[in-house]
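Engineer: Let me begin by handing over the structure; questions about it come next.
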Amino acid sequence: MKLHIKATRTKRGAALVEYGLLVAGVAVVALAAVAVLGNKVGDLFATSAAVLPGAHEGDNAPIATGQIATTTTVDGVVTLETNPESINTIGENLGVDLSDLVIDTSGNSSSGSGGN
């Protein structure tokens, strides 16, 4: 009886690991797709919004798009930027001040120093 319970528990753990790997793979593919196609889709919406008239004058303003994941293009190949020295934050990419979203209550005033 104990042997049967142990075999079931091992299979359950293996299935959980497989689901975790599957979710991680989907997340990586989704991040790459957003990094490569996100700006193009945003520009498409901005162009459509500029062409279609709005009901109110404020609705006719241009739409600004930003980059969530930083990419580099070398010899026509687009890759995600992995160099920590050149990666911009989401706030810098989108042009929004996000410093008020995270409040440091520990008393450390080093923001983004990387432990230096």
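Under the numbering used here, the first residue of the sequence shown is numbered 182, with each subsequent residue one higher. From the three backbone atoms N, C-alpha and C, an ideal C-beta is built for every residue, glycine too. Treat the numbers as computed from the prediction; the structure is a model and nothing was measured.
(1) Please report the distance separating the alpha-carbon of residue 223 from that of residue 192.
(2) Excluding the 5 residues flanking residue 241 on each side, which residues of the same chain have their C-beta closer than 6 Å to its C-beta?
(3) Can you tell me which of the three DSSP states residue 261 falls into?
(4) Going by DSSP, what residues sit across from residue 255 in a beta bridge?
(5) Hey, how far is the Cα of residue 195 from the Cα of residue 205?
(6) Flag this pair as yes or no: are the beta carbons of residue 261 and residue 214 separated by less than 8 Å?
(7) Within this structure, are the beta carbons of residue 252 and residue 259 separated by less than 8 Å?
(8) Would you report the Cα separation of residue 208 and residue 228, rounded to the nearest angstrom?
(9) To the nearest angstrom, report how far apart residue 244 and residue 233 are at their CA atoms.
(10) What number of angstroms, rounded off, separates the C-alpha of residue 201 from the C-alpha of residue 255?
(11) Helix or strand or just coil, what does DSSP make of residue 206?
Structural biologist: According to the data block:
(1) Distance between the alpha carbons of residue 223 and residue 192: 44 Å.
(2) Around residue 241: 235.
(3) Correct three-state label for residue 261: strand.
(4) The partner list for residue 255 (beta bridge, DSSP) reads 258.
(5) About 15 Å.
(6) Between residue 261 and residue 214, the CB-CB gap reaches or exceeds 8 Å.
(7) In this structure, residue 259 lies closer than 8 Å to residue 252 by Cβ.
(8) The straight-line gap separating the alpha-carbon atoms of residue 208 and residue 228 is approximately 29 Å.
(9) C-alpha separation (whole angstroms): 13 Å.
(10) Cα to Cα, residue 201 sits roughly 32 Å from residue 255.
(11) The three-state reading of DSSP puts residue 206 in helix, counting H, G and I together.
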